[in-house]
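Q: Take this structure, written in structure tokens, and hold onto it; I'll ask about it next.
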Amino acid sequence: MKFLWIIIVAGFFAFAQYWGLFHTPPDALMGEVQKLMYVHVPAAWNSFISFFVVFAASILFLIRKKMFWDHLAAAAAEVGCVLTALTLCLGSIWGRPTWGVWWTWDPRLTTTAILFFLYVGYLALRGFVDDNDRRARLSAPLGILIFLNVPIVYMSVKWWRTLHQVQSSPETVAPEMALSLRLNAIAFLLIALSFIYYRFQLQQRREKWELEKIS
664 MKFLWIIIVA GFFAFAQYWG LFHTPPDALM GEVQKLMYVH VPAAWNSFIS FFVVFAASIL
724 FLIRKKMFWD HLAAAAAEVG CVLTALTLCL GSIWGRPTWG VWWTWDPRLT TTAILFFLYV
784 GYLALRGFVD DNDRRARLSA PLGILIFLNV PIVYMSVKWW RTLHQVQSSP ETVAPEMALS
844 LRLNAIAFLL IALSFIYYRF QLQQRREKWE LEKIS
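664 is the number of the first residue of the sequence shown in this note's numbering; add one for each residue after it.
Structure representation (structure tokens):
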């Protein structure tokens, strides 16, 4: 069953990428480089979803005191960090031909980089604390607090003068581009949820192994 799920997700991701690259016409102004949007934007959207899972799971841990929620928060933070790193890398690749530079201290880029390092710090804190209960108690408030940067990243293009375009969405782009965005957004969501589940299961097994080792 697990192997079948991997085949389905990988196949859908490959189809979505193929559709975006070969069936969607290039942008009239930016040309082929615009097609990076079909990975860049879905990666950014799903990083926000992953960080919201961290936020919600951290709240639920503080309320219910169950390690289930701490493990879910940790798994989602790992996936969110990978997706944010991918977002930043693709943004730089897109920026080089569009803006003429690999990096600029643009509000959207800067707030996204801050978001990435905040969650890297969250994961580093978890790595420095050996005791499971203490690690969960320390990381849960942090997981709630640093989520406040997510809406700042989202609103940065509206609050400040920025080189970055306003948020792309199916309502603001051509229909054929909107389809590619939707397909890739779903593909990235399936991948993100799959990896969150995998990392969550790993956390659960690790805690069980540690408890068996102590007993």
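We put the CB at the ideal spot given by N, CA and C, even for glycine.
1. Quick one: measure Cβ to Cβ for L781 and S802, integer angstroms, because I've assumed they're closer than 8 Å.
2. Would you check if there are 3 or more beta carbon pairs closer than 8 Å linking the segment 803-810 to the segment 716-729?
3. Following the continuous alpha helix (DSSP H) through L746, name the residue where it begins and the one where it ends.
4. Measure the Cβ-Cβ separation of L778 and V813 and say whether it is below 9 Å.
5. Terminal residues of the continuous alpha helix (DSSP H) containing H703?
6. Can you list the alpha helix (DSSP H) stretches of 4 or more residues lying completely in the segment 762-817, in chain order?
7. Closest to V742 by C-alpha separation, out of R798, W765, W708 and M700, would be which residue?
8. If you pair each beta-carbon of the segment 750-758 with each one of the segment 696-705, do three or more pairs fall below 8 Å?
9. Buried or exposed: where does Y681 fall if 16 or more other Cβ atoms within 10 Å of its Cβ makes it buried?
10. Less than 6 Å between C-beta atoms, sequence neighbours within five positions excluded: which residues of the same chain meet that for V716?
11. Roughly how many whole angstroms lie between the Cα atoms of T750 and L684?
12. Relative to the C-alpha of R868, which residue among T773, I849 and L735 is closest?
13. Buried or exposed: which applies to Y861, given that a residue is buried once 16 or more other Cβ atoms fall within 10 Å of its Cβ?
14. Roughly how many whole angstroms lie between the Cα atoms of A677 and C744?
15. Please check the pair L842 and F675, which I expect to be a contact at CB under 8 Å, by giving their CB distance rounded to whole angstroms.
16. How about T774 and T747: are their beta carbons less than 9 Å apart?
17. At what residues does the alpha helix (DSSP H) containing F680 begin and finish?
A: In terms of the structure at hand:
1. Not confirmed; about 12 Å, so no contact.
2. Counting Cβ pairs under 8 Å, three or more are found: they touch.
3. Element bounds for L746: M730 to W762.
4. Less than 9 Å separates the beta-carbon of L778 from that of V813.
5. Element bounds for H703: M700 to R727.
6. Correct list: 770-791 and 795-808.
7. Closest by alpha carbon: W708.
8. Result yes; three or more Cβ-Cβ pairs closer than 8 Å.
9. The residue is exposed, with fewer than 16 neighbouring Cβ atoms inside 10 Å.
10. When the five nearest sequence neighbours on each side are left out, the beta carbons in the same chain lying within less than 6 Å of the beta carbon of V716 are those of A739, in order along the chain.
11. About 18 Å.
12. Looking at the Cα atoms, L735 is the closest of the given residues.
13. Around the beta carbon of Y861, a 10 Å sphere encloses fewer than 16 other beta carbons of the protein chains shown; the residue is thus reported as exposed.
14. Looking at the two C-alpha atoms, the distance is approximately 22 Å.
15. Wrong, their Cβ atoms sit about 14 Å apart, outside the cutoff.
16. Their beta carbons are not under 9 Å apart, which means T774 does not touch T747 by this criterion.
17. In the sequence on display, residue 680 carries Gln and not Phe. Per DSSP, the unbroken alpha helix (DSSP H) holding Q680 starts and ends at K665 to Y681.
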